[in-house]
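Under the numbering used here, residues 138 to 512 are what the sequence shown spells out, in order.
Ideal placement from N, C-alpha and C gives every residue a C-beta, glycine not left out.
Remember, it's a predicted structure, so these values are computed and weren't measured experimentally.
To start, the structure under review is shown below, and the notes come after it.
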Amino acid sequence: MAFWIGNYFLCFILSIVLAGIIIPNILTIAFKRKLFDEIDERKIHRGVVPRLGGIAFLPALIFSFFAVVGCNVRLGTSGMDEMLDTTLTSIMFLLCALMLMYLVGIADDLVGVRYRSKFIFQIIVGALIVTSGAWIHNLYGFLGIGQWYAVIGWVMTIFLVIYVVNAINLIDGIDGLASGLSAIALVFYSFVFYKAGEYAYCLLAGATLGTLIPFFYFNVFGTAERHNKIFMGDTGSLTIGTVLAFLSIQVFNIDPVVQEIPGNLFVLAIAPIIVPCFDVVRVFFHRVRNGNNPFLPDKCHIHHKLLALGCRQWQALISILFADALFICINLGLSPFINPTWIIVGDLALWIAMNMLLTYTIRVRERNLGVRLYE
């Protein structure tokens, strides 16, 4: 066990170092070529800020993961052959999916890609993950459903990939939010895969987590005036969203009979991504109700509500990250004892109540100030 912990932290640290080297160079190139995020009425930031930080993610996580695994194979480490026999196919298809999303993200950040085109590529990515053998074959009691037909599982897997990728992409609205929520999810998935003995996916989670640490520093603590602030852009959010979707699906594929797990697998798969997933559903219906295109950006996410209440960006960030961690811990604690349906229903009820309270407080503040603060 200690051996795998050492490999995990080796992946994690190596990824931090690589991303920490790549991101400053991206900043240099972006300022030389004037590749900046456009400022409009929807954006919160002021000043020119490059949005190409996500370019560092895929090279850093791929290099660190395969370098650590490759060194262990070369050294003849016990257990590596068995690990690769069971996970290599899935990892190879994931690499194909990541390359596709990475290239789509770069194209979108540089010249723009229509949301319909991105949707088609996301379907292809979902199909690649299904082809790898990773698909949702069991809901473990959610809505009373256990195992189901393979075709249904394939469709639901592709839907989950599209859903999670867009949830991460759409919640990337204030400094550190998408990367912070993703980092919390990756820590949780690392724990689940470690407990289950799925060490390849644990290392993958650690390598991905490492890429987010330097980015979080430049994104949150950098400033436009000093030219050391950067956004992840669609390249980053699509890449990280794909990894999170893949890891979530792999949790569904853990064998609860053979492997030690700390709770219900449905809850363990969904809980780490529940806040961005809940938020994107609320935003979707909010836009439809107001007669707006549900696929076009606006200012009605959970962080916009907190900003409308007068919170600063860092206060909104800490509040959302704390709520996310709280959701995960509650779900983790309850999953061995309560049916997953009731856990998700409780999460949803709490989320709705919290949003209703925020909206009511915003409306009171609007009446007192005599201005419109939230759409």
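Beyond the five residues adjoining it in sequence on each side, L323 comes within less than 6 Å, by CB distance, of A342, T345, L346 in the same chain, given in chain order.
In this structure, the straight-line span from the alpha carbon of G370 to that of C148 is close to 24 Å. Annotation note: the segment 264–314 contains no uninterrupted beta strand (DSSP E) run of length 3 or greater. Cα atoms of V262 and V357: separation of roughly 30 Å, rounded to the nearest angstrom. Distance from the CA atom of A490 to the CA atom of R363, rounded to whole angstroms, is 41 Å. In the three-state reduction of the DSSP assignment, K171 falls in the coil class, being assigned neither a helical nor a strand state.
Under the DSSP assignment, I467 falls in the alpha helix (DSSP H) whose first and last residues are 450–471.
Assigned with DSSP and collapsed to three states, F353 falls in helix.
When only Cα atoms are considered, G313 and L349 end up about 10 Å apart. Going by beta carbons, I228 and A337 fall inside the 8 Å limit. Between the segment 204–222 and the segment 158–174 there are fewer than three C-beta pairs closer than 8 Å, too few to call the two in contact. The C-alpha of V501 lies about 24 Å from the C-alpha of G428. The C-alpha of F256 lies about 25 Å from the C-alpha of H441. For K332, the secondary structure class from DSSP, reduced to helix, strand or coil, is helix. Around S319, the same chain offers I305, L349, I377, L381 as residues with beta carbons nearer than 7 Å, after the five sequence neighbours per side are excluded. Comparing alpha-carbon positions, the option among P409, V404, V154, C437 lying closest to V418 turns out to be C437. A Cβ-Cβ contact shorter than 8 Å links T294 with I386. Around I391, the same chain offers A333, E335, I398, L402 as residues with beta carbons nearer than 7 Å, after the five sequence neighbours per side are excluded.
Shortest Cα-Cα distance from F200 to any of I150, A167, D309 involves I150.
Going by C-alpha positions, A486 is about 17 Å away from A462. Remark: C-beta atoms of L340 and Y145 approach each other more closely than 8 Å.
In this structure, A234 keeps its C-beta atom at 8 Å or more from the C-beta atom of I273. Sequence-distant partners of Q396 (beyond 5 residues in either direction) whose C-beta falls short of 6 Å from its own C-beta, in its chain, are A333, G334. Cα atoms of F173 and R449: separation of roughly 23 Å, rounded to the nearest angstrom. The Cβ atoms of P187 and I311 lie no closer than 8 Å to each other. Residue range 370–389 is occupied by the alpha helix (DSSP H) that includes Q387. Note on S374: 16 or more other CB atoms within 10 angstroms of its CB, so buried under the neighbour-count rule. Around the beta carbon of G242, 16 or more other beta carbons lie within 10 angstroms, which makes this residue buried. A distance below 6 Å between beta-carbons, with the five flanking residues on each side excluded, links M217 to the following residues of its chain, in chain order: N209, V210.
Q452 is classed as exposed because its beta carbon has fewer than 16 other beta carbons within 10 Å across all chains shown. Around the beta carbon of Y286, a 10 Å sphere encloses fewer than 16 other beta carbons of the protein chains shown; the residue is thus reported as exposed. Its chain contains G313, S316 as the residues whose beta carbon lies nearer than 6 Å to that of F353, once the 5 sequence neighbours on both sides are disregarded; these appear in chain order. In this chain, V250 is not harboured by any alpha helix (DSSP H), its DSSP state being neither H nor E.
Residue Q259 holds the alpha-carbon nearest to the alpha-carbon of M238 among F328, F325, Q259, I455. Sixteen is the threshold: when 16 or more other Cβ atoms of the shown chains lie within 10 Å of the Cβ of G400, as they do, the residue is buried.
Where F415 is concerned, the enclosing alpha helix (DSSP H) starts and stops at 411–426.
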